[in-house]
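K.L.:
One structure follows; several queries about it will come next.
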Amino acid sequence: MSVPERLAKNRVVLDEEESHIEIDQELCRTTGTGARIIAVCPAGVYSEQDGRIVADHAACLECGTCLAVAAPGALRWHYPRGGFGVSFREG
Amino acid sequence: MSSAAAEPDFDVIVVGGGPAGSVTAYLLAQQGLSVVLIERGEAPGAKNLSGGVLYGRVLDEVFPGFAQSAPVERRITRHVTTFLTGDSSVSLDYAGGPLAEPVNAVTVLRARFDPWLAERAEEAGVFLMPGVRVDSLLREDTPAGPQVVGVRAGDDELRARVVVAADGVNSFLARSIGLRPQPPTHHLAVGVKAVVSLPRTVIEDRFAVSGDQGAAHAIVGDCTLGIGGGGFLYTNTESLSVGVVLRLDDLVKHGRTAAEVFEHYLSHPVLEPYLRGGEIVEYGSHLVAEGGLEMLGQIVTGGMVVVGEAAGLTINSGLTVRGMDLAIGSAVAAAKGIGEAIAAQDVTATGLAAYRRHLDESFVVKDLRTYARAPKFLERPRMYGAYGELAAGLFRDVFRLDGSPRKHLAAVARDSFRRSAVSVRDLVSDGWAGVRAL
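Chains A and B supply the protein sequences, listed in that same order.
Quick note on the working numbering: the first sequence kicks off at 639 and runs consecutively.
Quick note on the working numbering: the second sequence kicks off at 55 and runs consecutively.
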């Protein structure tokens, strides 16, 4: 079972209006943050497309591991607004 | 209106409806204080995830007999510790009736367990606000220094005498006022977990347990492809919690992705028979603080205390991994300290230092001190590769009668040791460090 298939089992209330993840492309590149956040995120939120790091915030499990390996300023990551995001039924 | 005259809306605001937050709120309400519990999930537990073993003795002191009434999964009476290689495993299996009573370790699924705790708080008079994300702290300058006086959520402000940051391992609240720095990556790990549903009887047969009893497997070695950390496999009533915990510095160093290590673990030939036929019903992850005593920094400031995982409270002793019991222990200490500070009308950092004193006297800090050397010891790389290979090689030679003349066990052991990547010096060094750390 692939990561997207596993994620499809989860209950998520997607915030269509705003993403809780913002990436500074320049800092991501120069600090190596891009490669690190792609590696550590269990949900595969981050990927590289045409030299840019993109984030699929709908897949986020809200663990904060990306922020823990990001260089200061390279990633703005906070929790989704109240009531949005992943909602564990098992936990 | 001067800010000093602003009347607080509540005596205490607790941010975060996990075990630390709910138990703090419950115990404060029991003291007759007005308490609001703010939770960003649509219900308590909705954002919470753990491997799943709760060492329950401290909770039993707060809620006597909780294991009968709370939605716990199974009482763990069997602990299996396994060294795993690519094709072999060597295990130590302890099955003990004495672990059943009084309550010791139970498995929990947080989306079911945490709401029960929050309901106990509500019953005691706590006002629960789910679905609300706290965005920042309200602070004011006072003669005693800067003082936290409340929280802001969207356009709303709530004021209280004391704010309790029970907002989890990322604690944006503590970080926002510089109370706790970002921990280094060798003190952090990512836990990746799936819940796999299986019929009750299948679980009992596969894990050799019965009734409401269960098993907890802790695994090191090839389950993480040699990356510092380990695997776990816990029995719930009608599902398994299965996952890996990977130290972030080592994961990055190995050039692997967390998802690929997890995939490797689930399909390992030693693991697969336990999971066979099961259906993954949920996939989750959680950042784990693993620094032990070193991560317990500043947990008190004017008008605010930090509890649970937000305070870095976890212990990995190699054999047991603990977080929730320490969170509850910190909640008990915080409720005592806050109660005393409010009664003495001193909620500055000096008054709230009572929390730190109670925590220092409790099992929480005592155990953190006992295992203070464990995180450093567990960074030794041989734990995750060479020792498993050594043990597996030894037992292979003991059990495989291949027609060559037999040797005494001591000679077989000596040969295995010579073939392995472990030197005498490593063994002595690791052995001595292990004895002192664990």
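Every residue gets a Cβ at the ideal spot worked out from N, C-alpha and C, and that includes glycine.
Please list the terminal residues of the continuous alpha helix (DSSP H) segment that includes residue 429/B.
P.N.:
428-431
K.L.:
Chain A beta carbons: is any one of them nearer than 8 angstroms to that of residue 377/B?
P.N.:
no
K.L.:
With 8 angstroms as the C-beta to C-beta threshold (strictly closer), list the residues of the segment 333-352 of chain B near chain A in chain order.
P.N.:
334, 335, 336, 337, 338, 339, 340, 341
K.L.:
Would you tell me roughly how many angstroms separate the C-alpha atoms of residue 368/B and residue 165/B, rounded to the nearest one?
P.N.:
Distance between the alpha carbons of residue 368/B and residue 165/B: 20 angstroms.
K.L.:
Residue 126/B to residue 289/B, Cα distance in whole Å?
P.N.:
Rounded to the nearest whole angstrom, the CA to CA distance from residue 126/B to residue 289/B is 11 angstroms.
K.L.:
With DSSP collapsed to three states, give me the class of residue 104/B.
P.N.:
coil
K.L.:
Please confirm if residue 100/B has its CB atom under 8 angstroms from at least one CB of chain A.
P.N.:
yes
K.L.:
Straight-line CA distance for residue 269/B to residue 123/B?
P.N.:
21 angstroms
K.L.:
Hey, which unbroken runs of the beta strand (DSSP E) at 3 residues or more fall wholly within the segment 121-147 of chain B?
P.N.:
Counting only runs of 3 or more, we get 129-138.
K.L.:
Could you tell me whether any Cβ in chain B is nearer than 8 angstroms to the Cβ of residue 716/A?
P.N.:
yes
K.L.:
Taking residue 96/B as the query, report the chain D residues whose CB atoms sit under 7 angstroms from its CB, ordered along the chain.
P.N.:
Looking for chain D here will not work: the only protein chains present are A and B.
K.L.:
Give me the DSSP bridge partner(s) of residue 661/A.
P.N.:
Among the bridge pairs identified by DSSP, residue 661/A is matched with 713/A.
K.L.:
For residue 55/B, collect the residues of the same chain with a Cβ closer than 6 angstroms to its Cβ; drop the 5 residues on either side in sequence, then sort them by chain order.
P.N.:
With a pLDDT of only 39 at residue 55/B, under the threshold of 50, the placement of this residue in the model should not be trusted; the figure read from the coordinates follows. Once the five neighbours on either side are set aside, residue 55/B has no close Cβ partner at all.
K.L.:
Check whether chain B comes within 8 angstroms of residue 680/A, counting only Cβ atoms and requiring the distance to be less than that.
P.N.:
yes
K.L.:
Return the chain-ordered list of same chain residues with a C-beta closer than 6 angstroms to the C-beta of residue 652/A, the five sequence neighbours on each side being excluded.
P.N.:
696
K.L.:
Taking the straight line between their C-alpha atoms, what separation do you get for residue 102/B and residue 671/A?
P.N.:
26 angstroms
K.L.:
Note down, in chain order, every chain B residue with its Cβ under 7 angstroms from the Cβ of residue 641/A.
P.N.:
313
K.L.:
Which two residues bound the contiguous beta strand (DSSP E) that contains residue 251/B?
P.N.:
242-251
K.L.:
Given a threshold of 16 other Cβ atoms within 10 Å of its Cβ, counted over all protein chains shown, does residue 478/B qualify as buried or as exposed?
P.N.:
Exposed is the call here.
K.L.:
Is there contact between the segment 199-214 of chain B and the segment 247-257 of chain B, where contact requires at least three CB pairs shorter than 8 angstroms?
P.N.:
no
K.L.:
Mind checking whether residue 328/B and residue 254/B have CB atoms under 8 angstroms apart?
P.N.:
no
K.L.:
Taking the straight line between their C-alpha atoms, what separation do you get for residue 57/B and residue 196/B?
P.N.:
Residue placement at residue 57/B cannot be trusted, given a pLDDT of 47 that sits under 50; the coordinates are not used to answer.
K.L.:
According to the Cβ coordinates, are residue 341/B and residue 720/A closer than 8 angstroms?
P.N.:
no
K.L.:
Looking at residue 305/B: is its Cβ nearer than 8 angstroms to the Cβ of residue 334/B?
P.N.:
no
K.L.:
If we count Cβ pairs, one from each stretch, closer than 8 angstroms, do we get three or more for the segment 131-139 of chain B versus the segment 163-183 of chain B?
P.N.:
no
K.L.:
Taking just the CA atoms, how far does residue 153/B sit from residue 673/A?
P.N.:
Answer to the nearest angstrom: the Cα atoms are 45 angstroms apart.
K.L.:
Here's a check: name, in chain order, each residue in its chain whose Cβ is nearer than 7 angstroms to the Cβ of residue 318/B, leaving out the five neighbours to either side.
P.N.:
279
K.L.:
Take residue 419/B as the anchor and find which of 433/B, 396/B, 385/B has the nearest alpha-carbon.
P.N.:
385/B
K.L.:
Specify, as a first and last residue, the run of the beta strand (DSSP E) that residue 178/B falls within.
P.N.:
Neither: residue 178/B is in no beta strand (DSSP E) and is coded neither H nor E.
K.L.:
Chain A partners of residue 316/B, CB-CB under 8 angstroms?
P.N.:
680
K.L.:
Would you say residue 701/A reaches chain B, if we count a Cβ-Cβ gap shorter than 8 angstroms as a contact?
P.N.:
yes
K.L.:
Need the endpoints of the beta strand (DSSP E) that residue 360/B sits in, please.
P.N.:
358-360
K.L.:
CB residue 189/B to CB residue 206/B, shorter than 8 angstroms?
P.N.:
Yes, the pair counts as a contact, with Cβ atoms nearer than the cut-off.
K.L.:
Run through chain B and tell me which residues come within less than 7 angstroms of residue 672/A, C-beta to C-beta.
P.N.:
Those do not exist, as residue 672/A stays about 12 angstroms from chain B at its closest Cβ, beyond 7 angstroms.
K.L.:
According to DSSP, is residue 213/B helix, strand or coil?
P.N.:
strand
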